[in-house]
Amino acid sequence: MITDDASKDSSVQIIKKFIKEKDLYLATLPDNFEREIFFENDNKNIGNCKRFNQLFKKAKGKYIIDFATDDVFLPEKIEEQVNFFEKQPEKVGVVFTNCINIDEQGNMVSYHFKIDNETQKTIENVPEGDVFGAILRKYFIPTPTMMIKKAVLEQLEGYDENLSYEDFDFWVRSVQICDYRYLD
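If you read the sequence shown in this note's numbering, its first letter stands for residue 22, the second for the next number, and so on.
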C-alpha cells in the first residue's frame, strides 16, 4: 500500500513508474502472495498521521510497516521480521531492528546500534519487552525498522492525528498494551 499526501514534487510519477515495474515482478510470485499494489493518491494534504491512519485501516495483512520516502530496506528485511514475529509470544506487538544510516548518495555512515565488525551482531544491550522506562530515557528505537501488529494500531486507533511526529507518542501508548522485541 502506497499513499501520497499531496506532494508538490515528482513523487506521484515516481510511484506510478515503480508500480508499473513491480507489476511484472509480482506476476511471478506464487498464488498465495498478495499481488496488488494499492496506491492512494489524494490531492489534499491532510498530514502524515491522518493519511497513515486512513491507509492502515484498509490493510489486509497482520503486520504494518510505516515506510517513508527516505527509507531503504534490505531485500530480506520483511521476510526475516515476519518469521521472527511469528515465533514471538502473543504479547509482542512491535519488532524492531538495527539500521544502517546512509547519506544522500546512499553511502553508509554508521549503524544505529554498534556492531561487532566480524560477526555483524549488535554489541549494545538493546532494551526489549516492556520498554517504557527505556523510551523515557533515550530515543533508541529506529522507527523505520519497526514492524507493528495491525491489531496494536487498531487498539490504539492509529497515530494521534494532532501530532506531526508520531514516534514517541506511539511508543508511550503502545508499550502500555504490548511488548517490543529486537531482531539482531
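Beta carbons: idealized from backbone N, C-alpha and C, even for Gly.
Quantities reported herein were computed from a predicted structural model and do not represent experimental measurements.
Residue nearest to residue i in terms of C-alpha spacing, selected from the options
i: ASP188; options: PHE60, LYS83, PHE88; result: PHE88
i: GLN126; options: PHE161, ASP92, LYS98, LYS171; result: ASP92
i: ILE23; options: ALA80, THR118, ASN128; result: ALA80
Whether residue i touches residue j by CB criterion (8 angstroms)
i: VAL130; j: ASP124; result: yes
i: ILE86; j: MET168; result: yes
i: GLU175; j: CYS70; result: no
i: PHE94; j: GLY179; result: no
i: LYS142; j: ASP205; result: yes
i: ASP151; j: ASP200; result: yes
i: THR166; j: THR118; result: yes
i: LYS159; j: TYR84; result: no
Straight-line Cα distance separating residue j from residue i
i: LYS78; j: TYR186; result: 19 angstroms
i: GLY82; j: VAL103; result: 11 angstroms
i: GLY154; j: LYS65; result: 38 angstroms
i: ILE198; j: TRP192; result: 10 angstroms
i: GLU61; j: ILE121; result: 29 angstroms
i: PHE161; j: GLN75; result: 27 angstroms
i: ASP137; j: VAL147; result: 14 angstroms
i: SER31; j: GLU42; result: 17 angstroms
i: SER28; j: GLU139; result: 42 angstroms
i: PHE106; j: GLU97; result: 14 angstroms
i: ILE156; j: ILE40; result: 37 angstroms
i: GLY68; j: TYR132; result: 30 angstroms
i: ASN128; j: GLU111; result: 38 angstroms
Same chain only: Cβ atoms within 7 angstroms of residue i, ignoring 5 sequence neighbours per side
i: ARG202; result: GLN109, VAL113, VAL116, GLU149
i: SER195; result: GLY114, VAL115, VAL173, LEU177
Close Cβ partners of residue i (< 8 angstroms) along its chain, the five nearest in sequence each way excluded
i: GLU145; result: PHE134, LYS135
i: LEU184; result: CYS70, ASP190
Close Cβ partners of residue i (< 6 angstroms) along its chain, the five nearest in sequence each way excluded
i: ASP212; result: What the structure shows of the chain is the stretch from 22 to 205, and residue 212 is not part of that stretch, so it cannot be assessed.
i: LYS38; result: none
Start-end ranges of the alpha helix (DSSP H) lying completely within the region 55-87, minimum 4 residues: Segments of the alpha helix (DSSP H) lying fully in the region 55-87: 69-77.
Which runs of the alpha helix (DSSP H) at least 4 residues long sit entirely within the region 83-131? Give them in chain order. With a minimum length of 4 residues, the continuous alpha helix (DSSP H) runs that stay inside the region 83-131 are 98-107.
Residue ranges of each alpha helix (DSSP H) within the region 141-187, 4 or longer: The DSSP assignment places complete alpha helix (DSSP H) segments of no fewer than 4 residues inside the region 141-187 at 153-158, 171-177, in order along the chain.
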